[in-house]
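At the far end of the sequence shown sits residue 159, using the working numbering, and the numbering has no gaps.
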Amino acid sequence: MPKELLPPEQFYASLATNYTSGLGFITNPTGDILLVKPNYRDGWDIPGGLLDDGESPHEACSREISEELGLNLAVGDLLVVDWAMPEGDRPRPVACYLFDCGTVPADVEIRLQAEELDDYRFCSPDSAIDLVPPMTADRLSAAVTARAQRRTVYLPTA
Numbered sequence: 002m003p004k005e006l007l008p009p010e011q012f013y014a015s016l017a018t019n020y021t022s023g024l025g026f027i028t029n030p031t032g033d034i035l036l037v038k039p040n041y042r043d044g045w046d047i048p049g050g051l052l053d054d055g056e057s058p059h060e061a062c063s064r065e066i067s068e069e070l071g072l073n074l075a076v077g078d079l080l081v082v083d084w085a086m087p088e089g090d091r092p093r094p095v096a097c098y099l100f101d102c103g104t105v106p107a108d109v110e111i112r113l114q115a116e117e118l119d120d121y122r123f124c125s126p127d128s129a130i131d132l133v134p135p136m137t138a139d140r141l142s143a144a145v146t147a148r149a150q151r152r153t154v155y156l157p158t159a
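Here is the structure:
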């Protein structure tokens with residue numbers, strides 16, 4: 002006797018879910034990395050954010066950089082894919098797609114979205130890695146390597 006199939010809505014409701022973000026790796030002409038300081042959590046972070054419904058990681062990266070920084074940058078190659086299991090207050094895994102958004106001029110005008118960001122800074126790779134949480138530091142370190150080697154790095158975080 003054939004097994005009865007689940008209705009599509011029931012099948013899809015039974016699948017695992019995760020959060021997904023599109024992030025931008027942006028540097029200045031001296032190779033310093035752009036970090037942002039969100040006002041909704043402690044510490045420094047990589048520009049970008051979570052996907053809206055119907056949006057791809059590439060599109061989310063472009064939208065977030067435009068909204069949060071006032072920059073219209075080309076979203077280039079995928080540098081890092083990072084998978085992180087639930088941790089702390091985050092109840093679901095997160096998949097982070099970190100794209101190369103290029104090098105901006107030294108005198109670039111950044112207009113912060115006051116509703117989400119308090120500050121920004123360009124930091125040397127070593128300083129940037131010291132300023133961010135360990136998981137973000139791994140992403141930044143991998144992005145520096147990926148850009149230099151023109152490849153994509155996958156970071157499966159247990």
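C-beta atoms are modelled at their ideal positions from N, C-alpha and C, and glycine is treated no differently.
- In its chain, beyond the 5 residues on either side, Phe26, Leu80, Val81, Leu99 have a beta carbon closer than 7 Å to the beta carbon of Ala144.
- Beta-bridge annotation (DSSP): Ser22 is paired with Leu51, Cys97.
- For a cut-off of 8 Å, the C-beta gap from Leu132 to Leu36 is around 6 Å, short enough to register as a contact.
- Thr158 is the residue among Thr158, Phe12, Asp120 whose C-alpha sits nearest the C-alpha of Thr137.
- Residue pairing of Lys38 in beta bridges, as defined by DSSP: Asp120.
- Only residues of its own chain outside the window of five on either side were considered, and among them Val76 have a CB closer than 6 Å to the CB of His59, listed in chain order.
- In the DSSP assignment, Asp33 falls outside any beta strand (DSSP E), carrying neither H nor E.
- For Tyr41 and Arg151, the gap between their C-alpha atoms comes out near 34 Å.
- CA-CA distance, Tyr20 to Ala96, rounds to 6 Å.
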